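In full-length UniProt numbering, the protein residues as written are 1 to 373. Even for Gly, the Cβ is constructed at its ideal location relative to N, Cα and C. Owing to the predicted nature of the structure, the values given are computational and were not obtained by experimental measurement. Quick notes on the structure that follows.
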Amino acid sequence: APPLEVCSLHGEKLKLFCLEDKQPVCLVCRDSQQHDNHKFRPISEAVSSYKEELNVALKSLQDELKNRTTLKGEFEKTVQHIKSQAEQTERQIKQQFKKLHQFLRDEEEATITALREEEKQKKKMMKEKLEEMNRHISALSHTIKDTEKMMKDNDVCFLKKFPVSMERVQISSQSDPRTPSGALIQVPRYLGNLPFRVWKKMQDIVQNTPVILDPNTAHPRLLVSDDLTSLRWSENKQPLPDNPERFDDYYCVLGSEGFNSGTHCWDVEVKESLCWSLGVTTASNKRKGCDFYNTDVWNVQYDQYGLCERSGFHIKQYLERVRVDLDYDRGTVSFSDPVTNTHLHTFTTTFTDTVFPSFDSFSPLSILPFSSQ
């Protein structure tokens with residue numbers, strides 16, 4: 001076989017590159033009819049040009065490999081975070097159910113204790129009645145025995161004893177006692193609507209918070225409480241996945257449930273925070289970068305030091321609580337101070353997208369349960 005550098009048709013050295021056919025050719029090939037009107041470049045020029053083109057494509061692949069490797073690491077971290085989330089959530093589920101189970105056990109014990117106490121009282125009462133009955137039976141027995149003995153006496157003795165004996169018999173003769181009213185166990189007191197009554201009582205120990213925070217949206221420096229109702233700022237950035245839902249610039253977190261109709265209300269305790277922003281935002285608003293407050297945010301804010309100005313309505317006075325009233329259908333978001341029942345501000349708009357409660361703070365905030373409002 002001829003060397004690779006030699007034309008297989010003419011035996012000449014391959015010195016040119018045909019741009020139309022994309023193949024090396026010799027000088028004889030260039031002048032042949034097969035390559036008539038074709039353009040040619042010296043082999044070295046073509047190699048240089050194509051190497052440059054291939055290098056660009058190769059660089060793109062290398063960048064893609066680097067990005068994919070980085071993404072692989074992020075995906076692996078996400079898998080670990082999912083595992084950690086599941087384990088932590090399972091622990092908290094067990095803790096919550098442990099409390100509920102303990103409540104039910106305490107209620108069961110209290111109900112059975114009350115039943116046994118009533119049983120004890122009712123049995124004591126009947127025992128006293130039985131003792132009284134036994135005394136009466138004994139007395140009757142003696143009266144009967146004495147009367148029967150007297151009946152055997154001679155006529156004179158009988159007549160002498162008759163008045164006293166007759167009086168004694170009459171006194172001993174009483175109407176039959178009956179079982180006293182209310183002597184039996186009041187079964188409905190314990191079994192009547194038992195699950196419902198326990199459930200009603202359980203409402204006194206459980207709380208219903210109108211808005212629950214979504215930790216998957218929280219900036220890595222925000223720590224969301226185990227019950228998902230409060231947040232605080234962390235000195236250290238948490239190693240969390242940079243998922244699309246998560247804020248990466250503002251110290252924000254959103255509510256877990258979006259609203260696209262109806263009226264909704266929640267109170268936020270802000271007394272420990274010197275810089276906060278509260279309101280609602282659309283589901284489609286950008287959470288990455290610093291554009292979040294540019295559009296689709298209806299919020300009020302307080303900043304004692306003027307260090308983190310946000311767009312929105314600025315509150316001048318220190319507050320302990322803020323109430324947010326959302327009327328989606330009317331397109332209003334109202335803010336008030338529930339402590340003094342003072343109106344702060346109302347936004348009026350037309351909602352076309354699902355909106356989520358939003359919270360932004362350097363300091364602790366907590367959403368209050370209905371019972372505290």
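{"Query": "Would you please state the rounded distance, in angstroms, between the beta carbons of Pro-210 and Cys-265? I believe it to be under 8 Å.", "Result": "7 Å"}
{"Query": "Does the segment 312-320 come close enough to the segment 199-210 to have 3 or more Cβ pairs within less than 8 Å?", "Result": "no"}
{"Query": "For Leu-222, which residues of its own chain have a beta-carbon under 6 Å away from its beta-carbon, when the five flanking residues on both sides are left out?", "Result": "Leu-231, Tyr-251, Val-253"}
{"Query": "So, are the CB atoms of Thr-281 and Arg-246 less than 7 Å apart?", "Result": "no"}
{"Query": "In this structure, what does DSSP give as the bridge partners for Lys-13?", "Result": "Val-6"}
{"Query": "Please return the same chain residues whose Cβ sits closer than 6 Å to the Cβ of Tyr-293, not counting the five positions on each side in sequence.", "Result": "Arg-310, Ser-311"}
{"Query": "Using DSSP's beta-bridge definition, name the partner residues of Cys-275.", "Result": "Asp-303"}
{"Query": "Mind checking which residues open and close the beta strand (DSSP E) that includes Glu-45?", "Result": "Where Glu-45 is concerned, there is no enclosing beta strand (DSSP E), although the alpha helix (DSSP H) it sits in stretches over 43-150."}
{"Query": "Output needed for Phe-347: all residues of its chain with C-beta closer than 6 Å, excluding positions within five of it in sequence on either side, in chain order.", "Result": "Trp-298, Val-333"}
{"Query": "Report yes or no: do three or more beta-carbon pairs, one from the segment 224-241 and one from the segment 322-331, lie closer than 8 Å?", "Result": "no"}
{"Query": "According to the neighbour-count rule (16 or more other Cβ atoms, all chains shown, within 10 Å of its Cβ), is His-343 buried or exposed?", "Result": "exposed"}
{"Query": "Restricting to Cα atoms, I'd like to know which of Thr-340, Asn-341, Ser-358 is closest to Val-300.", "Result": "Ser-358"}
{"Query": "Taking the straight line between their C-alpha atoms, what separation do you get for Leu-71 and Glu-45?", "Result": "39 Å"}
{"Query": "If Ile-185 sits next to Glu-119, beta carbons under 8 Å apart, how far is it from one beta carbon to the other, in whole angstroms?", "Result": "6 Å"}
{"Query": "What's the call for Ser-372, buried or exposed, on a 16-neighbour Cβ count within 10 Å?", "Result": "Low local confidence applies: a pLDDT of 45 at Ser-372 is under 50, so the model's placement there is unreliable, with the coordinate-based value given in what follows. It counts as exposed."}
{"Query": "Would you check if the segment 136-147 and the segment 188-199 touch, i.e. whether three or more CB-CB distances between them fall below 8 Å?", "Result": "no"}
{"Query": "Which residue wins for smallest C-alpha separation from Ile-367, given the options Asn-243, Pro-24, Arg-323?", "Result": "Arg-323"}
{"Query": "Apply the 10 Å Cβ neighbour rule to Ile-315 and answer buried if 16 or more other Cβ atoms are within range, or exposed otherwise.", "Result": "buried"}
{"Query": "Could you tell me the distance, in whole angstroms, from the CA atom of Glu-53 to the CA atom of Lys-288?", "Result": "35 Å"}
{"Query": "Residues in its own chain within less than 8 Å of Asp-296 by CB, not counting five upstream and five downstream?", "Result": "Thr-281, Thr-282, Ser-284, Asn-285, Asp-353"}
{"Query": "Assuming Leu-115 contacts Val-270 under a Cβ cut-off of 8 Å, what Cβ separation, rounded to an integer in Å, is found between them?", "Result": "Not confirmed; about 49 Å, so no contact."}
{"Query": "If you check the beta carbons only, do Glu-272 and Ser-361 fall under 7 Å apart?", "Result": "no"}
{"Query": "Return helix, strand or coil for Ser-165, following the three-state DSSP convention.", "Result": "helix"}
{"Query": "Where does Leu-159 fall in DSSP's three states?", "Result": "helix"}
{"Query": "Who does Asp-337 pair with in a DSSP beta bridge?", "Result": "Thr-342"}
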